[in-house]
Amino acid sequence: MLLLSDIGHRAVSLECPGGKLEMEKVETGEHWGTRLGFIFAIIGAMVGSGNIWRFPRMMAMYGGGAFLIPYSIALFTVAIPLLISEGIIGRETGNSTILGFAKYAGKKYAWLGAWVAWVNIAIMFYYAVVNGWALAYFVKGLTGLYASYAPGKGLETWNAFIGGWQPLFFTILVWLFTWYVMAVGVKRIEKVATFMVPSLILFLVVVIIRAVTMPGADVGLTYMFKFDTSKLSNAEAWLQAYSQVLWSTGAGWGIYLTYSSYLKKNDDINLNSHITGFGDTSAALLGGLAVITTVAVTAPLIGIDPFKVYAEGNVGLTFIWLTELFPKVPAGFAIGTLFYLALFFAAFTSQIAITDVFVKNVVDFGIPRKKAATYVAIIGLIAGIPAAIKIGWLDNQDWVWGDALLISAVVISFIMLKTGLEKNREIANRGSDIKIGKWWDIMIGYIAPLSIIVVLLWWIKQSINWYPETWWKPTETFSTGTVIFQWIIAAIAIWIIVNKMLMPKIEARLAEEGA
Amino acid sequence: MEGSVIASMIIVLGFYWGLTLYFVKLALEKEKEKARAS
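Those protein sequence lines, which keep their order, are chains A and B. Residue 1 is where the first sequence starts when you use the working numbering, and the numbers rise one by one after that. Residue 1001 is where the second sequence starts when you use the working numbering, and the numbers rise one by one after that.
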């Protein structure tokens, strides 16, 4: 067992690839209290709304149970190798992305670390809003929304909600809760996750038991688990599996890197990475079962084809249809409320992880955590206002920065390749409970970046097809133009800020630690 | 419900939940070993 979270100073030697960064790392700051606490925190970070509303639809559309074949291959070839890579940088440097990259690969790569951080920050701005929706729908449950059925209630409730003051109000609440956790740091992240993650699993199991014991559940189970291998001959199934794995497990986002910065020098990396990948998928399967079976047993009761509901997008399925359907479940008042509480727990534990990438990057430059948390919460709230009041803005940001995560993943692979695959593998194996072999070198150095680039090009090609005439326009919500335009602006701004303004501070921090 | 769907469900859930719980159990055992050794 690890010791309880402590603030300590411990001089340790930091192994660095290629012998370039031989230095004495003064290990200061926060650490996870227990191994189980870290596991809950990292699973909580990776299990988000996407596990509940996207995974089951992908599974059903691309072969049911057979979808897990390309998905599992993607997990082993891309996600787990990336998580291990992030663990290496985080544990070895004790820093988040900016200073972590500077220490581990050299100061000229600090701006790439800032890119990884920025993509998280941009997502954080709108993710707090989605989190607020889940919280609002939980509160609506407590006030009786799922107690009685009325035709059209789901859409009516959603339209009244999204066009009013409530999204902003609940976003403010989410930021208050986030600040409460962030101001204390890893100790409180661990406490919150240790409570929320098991509760989330328990709530989903209750919803599943209620749904599968009702007539018609077999339609949903068949939809989700039929084993249709014919879909696997379609390249799209593979590309969606790789996309889902990257977005769901959070590999390459910098979250695992940041949480690993609270590990001690000889703490495990490899086994924790496997637990993260498998735990995330296990939770996604529960989320899928809860949603798909609930729709299957209730939609026919109001004369709707369940397949019509499944075909809805994320928001339509979760915030419109399920709201309409929960009153048809016996004890729907409790079941619906519990479901949205589970969704809030899933989103909130991800929210604090995404926010911590920002906060830890600020703390790395000597700002006290409480102050850093306050700055970040204020910035996050203000920058999130457009997403809270205009759903089109949220959709655009989700499209632009969701794709940018793929670039972040390629950046992590590049850092591994640049600093030496074999050496990095030896570092990962030091202290780890399971050892990785040469397969990891091949995956992280070649297979992962190539696969991710193919997936990215495929998404870009898709977006050109969506707007054949205006794909280049930055003003279209889901166009290629908006992605490229915002990426270029962000990359230039990041490069200037890091290399022209932040570099003296980076150099000072590196000098302090003897790098 | 078809037998193949039930089999698929058992394999998928068993594989992922089985391995997740096995890995977590292994992690906790290793922590105990490390604590005993130190």
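C-beta: ideal position from N, C-alpha, C; glycine also.
Each residue's CA atom was taken as its position, placing Gln240 of chain A and Gly29 of chain A some 40 Å apart.
Counting the other Cβ atoms within 10 Å of the Cβ of Pro327 of chain A gives 16 or more, which makes it buried. Judged by beta-carbon spacing, Gly64 of chain A lies within the 8 Å limit of Lys226 of chain A, meaning their Cβ atoms are closer than that value. Going by DSSP, Gly1014 of chain B is part of the alpha helix (DSSP H) stretching over 1003-1037. Inter-residue distance for Leu68 of chain A and Ser230 of chain A is about 13 Å (C-alpha atoms, whole angstroms).
With respect to chain A, the C-beta atom of Ala1037 of chain B has no partner C-beta closer than 8 Å.
Rounded to whole angstroms, the gap between the alpha carbons of Tyr310 of chain A and Gly106 of chain A is 48 Å. Around the beta-carbon of Ala150 of chain A, fewer than 16 other beta-carbon atoms lie within 10 Å, marking it exposed. Non-local C-beta neighbours of Ala283 of chain A in its own chain, meaning closer than 6 Å and more than five positions away in sequence, comprise Val47, Asn51, ordered along the chain. Gln486 of chain A is classed as buried because its beta carbon has at least 16 other beta carbons within 10 Å across all chains shown. By the CB criterion at 8 Å, Gln244 of chain A and Phe55 of chain A fall inside the cutoff. Membership of Ser282 of chain A in the alpha helix (DSSP H) is indicated by the continuous run 270-298. At a Cβ-Cβ threshold of 8 Å, Ile506 of chain A and Ile354 of chain A do not count as neighbours. Here Asn272 of chain A is buried, its C-beta having at least 16 other C-beta atoms within 10 Å.
Counting only the Cα atoms, Leu341 of chain A lies some 21 Å from Phe125 of chain A. The C-alpha of Gly185 of chain A lies about 36 Å from the C-alpha of Thr477 of chain A. Any Cβ of chain A closer than 8 Å to the Cβ of Lys1025 of chain B would place that residue at the interface, and such an atom is absent. Rounded to whole angstroms, the Cβ separation of Leu417 of chain A and Gly445 of chain A is 5 Å, and the two are in contact under 8 Å. Here Phe365 of chain A carries a coil assignment [DSSP, helix/strand/coil].
Sequence-ordered contacts of the region 269-286 of chain A with chain B read Leu271, Asn272, His274, Ile275, Phe278, Gly279, Thr281, Ser282, Leu285 [C-beta pairs closer than 8 Å].
At least 8 Å separates the CB of Ile84 of chain A from every CB of chain B. For Thr222 of chain A, at least one C-beta of chain B is nearer than 8 Å to its own C-beta. Neighbours of Leu155 of chain A in chain B, taken as residues at a C-beta separation under 9 Å, are lacking, since the least C-beta distance is about 32 Å. Excluding five sequence positions before and after Leu232 of chain A, the CB atoms of its chain that fall closer than 7 Å to its own CB belong to Gly63, Ala66, Ile69, Pro70, given in chain order.
Gly64 of chain A is bridged by DSSP to A:Phe227. Apart from the 5 residues on each side of it in sequence, Pro504 of chain A has no Cβ closer than 8 Å to any other Cβ in its chain. By the 16-neighbour rule on beta-carbons within 10 angstroms, Glu1002 of chain B is exposed.
Rounded to whole angstroms, the gap between the alpha carbons of Ser1008 of chain B and Phe345 of chain A is 29 Å. For Ile88 of chain A, no Cβ of chain B is located within less than 8 Å of the residue's own Cβ. Annotated as distal: Ala251 of chain A and Thr178 of chain A, with beta-carbon spacing of 8 Å or more. Residue-level contact by beta carbon fails for Phe55 of chain A and chain B, as no gap is shorter than 8 Å.
Chain B places no beta carbon closer than 8 Å to that of Arg509 of chain A, leaving this residue out of the contacts. Distance check between Asn120 of chain A and each of A:Ala147, A:Phe278, A:Gly431, A:Ala409 places A:Ala409 closest, using alpha-carbon atoms only. Around the beta carbon of Arg1036 of chain B, fewer than 16 other beta carbons lie within 10 angstroms, which makes this residue exposed. A residue is called buried once 16 or more other Cβ atoms fall within 10 Å of its Cβ, and Ser148 of chain A, having fewer, is exposed.
Going by C-alpha positions, Leu246 of chain A is about 12 Å away from Gly254 of chain A.
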